[in-house]
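So the protein lines, in turn, are chains A and B.
If you count by the working numbering, then the first sequence holds residues 1 to 113, one letter each, in order.
If you count by the working numbering, then the second sequence holds residues 1001 to 1110, one letter each, in order.
Below is one structure, written out as structure tokens; the observations come after it.
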Amino acid sequence: DAGITQSPRHKVTETGTPVTLRCHQTENHRYMYWYRQDPGHGLRLIHYSYGVKDTDKGEVSDGYSVSRSKTEDFLLTLESATSSQTSVYFCAISESNIKETQYFGPGTRLLVL
Amino acid sequence: EDKVVQSPLSLVVHEGDTVTLNCSYEVTNFRSLLWYKQEKKAPTFLFMLTSSGIEKKSGRLSSILDKKELFSILNITATQTGDSAVYLCAVELYGNKLVFGAGTILRVKS
């Protein structure tokens, strides 16, 4: 398995609180991605990074921010969590922008009450 | 709006059956189409297709792309209980983005 971990793996929080999810890789891959997975929607891209301090928005970026201060870590922050952000969050990494090389992390289950 | 639609949403088969999963798409800037298998955890990569009519094969699984009719199929022959999973189709766009379908839930009964 690719060296990619996510923390926490499960989290319950209240509406209005800030939440940060961490993705950590040991592969030294350039690209990192955050997706959310919801029933009926498949996976949807939130944000991605193509290098340290280089990030861009995906299709569902509203309410989320990201940071990548070093190659191995990509943080996803919900500034003020809402119930609509209850989801399973997957991080992914890839060596190049060829999606065949993209590997997914184990996921984080987030419940916003 | 870019769209990927998978069908059926779910199906139940018996071991040994052959199944065909469908993926149709309407997107701008198509680059490739990918299939993933997801078993209660992270999706794992199966195939990437870029050219029409060229079958990709891995054991009992195979897939083909039709860029004229904008669809792909994933075939699984001689199904086993270990094939039970959610199968995801995704279309890669130029600009480093993937658009996923909602998935097909496959259950193989012994």
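Cβ coordinates follow ideal geometry from the N, Cα and C atoms, glycine included.
Would you say residue i faces chain A, with C-beta separation under 8 Å as the test?
| i | result |
| --- | --- |
| K1056/B | no |
| G1059/B | no |
| G1082/B | no |
| F1100/B | yes |
| K1097/B | yes |
| L1088/B | yes |
| G1103/B | yes |
Among the options, whose alpha-carbon lies nearest the alpha-carbon of residue i?
| i | options | result |
| --- | --- | --- |
| E14/A | E100/A, C91/A, S80/A and G105/A | S80/A |
| H10/A | K57/A, T55/A, L43/A and T86/A | T86/A |
| Y1036/B | T1028/B, Y1094/B and L1088/B | L1088/B |
| V112/A | G3/A, G58/A and G16/A | G16/A |
| T108/A | L76/A, Q102/A and E100/A | L76/A |
| T101/A | S1032/B, K1003/B, C1023/B and D1002/B | S1032/B |
| C23/A | G42/A, Y89/A, G58/A and V12/A | Y89/A |
| L1176/B | V1019/B, N1075/B, G1053/B and L1009/B | There is no way to answer for residue 1176/B, as the model of chain B reaches only from 1001 to 1110. |
| Q1080/B | L1106/B, K1097/B and S1072/B | L1106/B |
| R68/A | T82/A, Y48/A and S84/A | Y48/A |
| A1085/B | Q1038/B, L1009/B and S1024/B | Q1038/B |
| Y1025/B | S1007/B, K1056/B and G1095/B | S1007/B |
| F1071/B | S1010/B, D1083/B and L1021/B | L1021/B |
| L1049/B | K1041/B, S1110/B, V1091/B and V1019/B | V1091/B |
Is residue i helix, strand or coil by DSSP?
| i | result |
| --- | --- |
| Q1038/B | strand |
| G1082/B | helix |
| Q119/A | Missing from the structure shown is residue 119/A; chain A here goes from 1 to 113 and no further. |
| S83/A | helix |
| I115/A | Since the first and last residues shown for chain A are 1 and 113, residue 115/A lies out of range. |
| V52/A | coil |
| G42/A | strand |
| Y64/A | strand |
| E27/A | coil |
| D1066/B | strand |
| N1022/B | strand |
| S1051/B | coil |
| T20/A | strand |
Contact criterion: CB-CB distance below 8 Å. Does residue i meet it with respect to chain B?
| i | result |
| --- | --- |
| F74/A | no |
| H41/A | yes |
| T18/A | The displayed chain sequence assigns Pro, not Thr, to residue 18/A. Closer than 8 Å: no. |
| P8/A | no |
| G3/A | no |
Residues in the region 81 to 101 of chain A with C-beta within 7 Å of chain B's C-beta atoms, listed in sequence order?
Taking 7 Å as the Cβ-Cβ cut-off, the region 81 to 101 of chain A approaches chain B at F90, N97, K99 and E100, given in chain order.
The region 44 to 71 of chain A: positions lying closer than 9 Å to chain B by Cβ:
Residues passing the 9 Å Cβ filter: R44, L45, Y48, Y50, D56, G58 and E59.
Under 7 Å, CB to CB, which of the residues in the region 1027 to 1050 of chain B have a partner in chain A?
Residues of the region 1027 to 1050 of chain B with a C-beta atom less than 7 Å from some C-beta of chain A are S1032, L1034, K1041, A1042, P1043, F1045 and M1048, listed in chain order.
Members of the region 1009 to 1023 of chain B near chain A, C-beta cut-off 8 Å
Taking 8 Å as the Cβ-Cβ cut-off against chain A, none of the residues of the region 1009 to 1023 of chain B qualify.
Three CB pairs or more closer than 8 Å across the region 60 to 69 of chain A and the region 1002 to 1014 of chain B
Not touching, per the Cβ criterion.
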